[in-house]
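Since the structure comes first, as structure tokens, the remarks are kept for the end.
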């Protein structure tokens, strides 16, 4: 298990449930203190997460913010730095998926998905970059998706948002590499979360995805933790601008 080489603090967005919660807990188990973010209506879940992390002997803080709102993100970043003292790593995990075929896709849904998944990633990074630049250190891990590489019917807007995250990360890595900051993407595959169940409500669809996965199983949120921990640690100090599929063998590029 990759451990933080020194005391490190990570900000995880969308941390109240699913992959974000698993990442926050997994990084705490690996020696990170955690600033856990989500929207205010998830406060009960977020508070429970903070208590669980504190039970592991790590510091934990809950901060509410909608990552698609610049003012809220700016305030969250300032509060995270003030309360934690420093932010060494950020995991941009917050995301939404609302399925719809392209022909009937409402532009409001398109905007909502883009605002959280793509714009939210940009806003969080932009708010933290001055802090990371000043410290000469940072680990940025953006949670994209294999959907950004090959997509699925009724997810064109989601696929576009995740492809945007990957493209943004590649350019970001080029801009910040000389500052001691790395930026990488993790691309989960079919993961059994509340959002992932959108792909798995039909038993036939679940069976299809299981059969199409080389490891012949659907992923769990905990399967994503190790790769994120690698990118958030000093073990990946010479790795930047990369996208790593964590899908059990669906996409092979």
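Residue numbers (our numbering): 5 to 257. Just so you know, even glycine gets a beta-carbon here, dropped at the ideal spot from N, CA and C.
Item: Beta carbon of residue 81 nearer than 8 Å to that of residue 131; Value: yes
Item: Whole-Å CB distance - residue 229 paired with residue 188, under 8 Å assumed; Value: Between residue 188 and residue 229 the Cβ distance is about 15 Å, and since that is not below 8 Å, they are no contact.
Item: Identity of the residue in 152, 108, 175 and 219 nearest residue 245 by Cα; Value: 175
Item: Residues of its chain near residue 219, where Cβ-Cβ distance is below 8 Å and the 5 sequence neighbours each way are ignored; Value: 252 and 253
Item: Local conformation of residue 109 per DSSP, three classes; Value: coil
Item: Cβ neighbours of residue 232 in the same chain (closer than 7 Å, five flanking residues each side left out); Value: 27, 95, 145 and 190
Item: Limits of the unbroken beta strand (DSSP E) element including residue 37; Value: 36-42
Item: 8 Å Cβ cutoff met for residue 20 and residue 46; Value: yes
Item: For residue 158 and residue 105, believed in contact at Cβ under 8 Å, the rounded distance; Value: 5 Å
Item: Cβ contact check for the stretch 56-66 and the stretch 133-153: 3 or more pairs under 8 Å; Value: no
Item: Distance between residue 48 and residue 185 (C-alpha atoms, nearest Å); Value: 33 Å
Item: Through-space distance from residue 109 to residue 6, alpha-carbon basis; Value: 42 Å
Item: Residue range of the alpha helix (DSSP H) that includes residue 57; Value: 47-59
Item: Per-residue burial, residue 237 [other beta carbons within 10 Å of its own, 16 or more giving buried]; Value: buried
Item: Pairwise C-alpha distance: residue 85 and residue 269; Value: Because the chain spans 5 through 257 in this model, residue 269 falls outside it and cannot be assessed.
Item: DSSP-derived helix/strand/coil call for residue 12; Value: strand
Item: Residue nearest to residue 123 in terms of C-alpha spacing, selected from 225, 162 and 151; Value: 162
Item: Nearest candidate by alpha-carbon position, reference residue 269, set 249, 257, 69 and 198; Value: Residue 269 lies beyond the stretch modelled for the chain, which goes from 5 to 257, so this question has no answer here.
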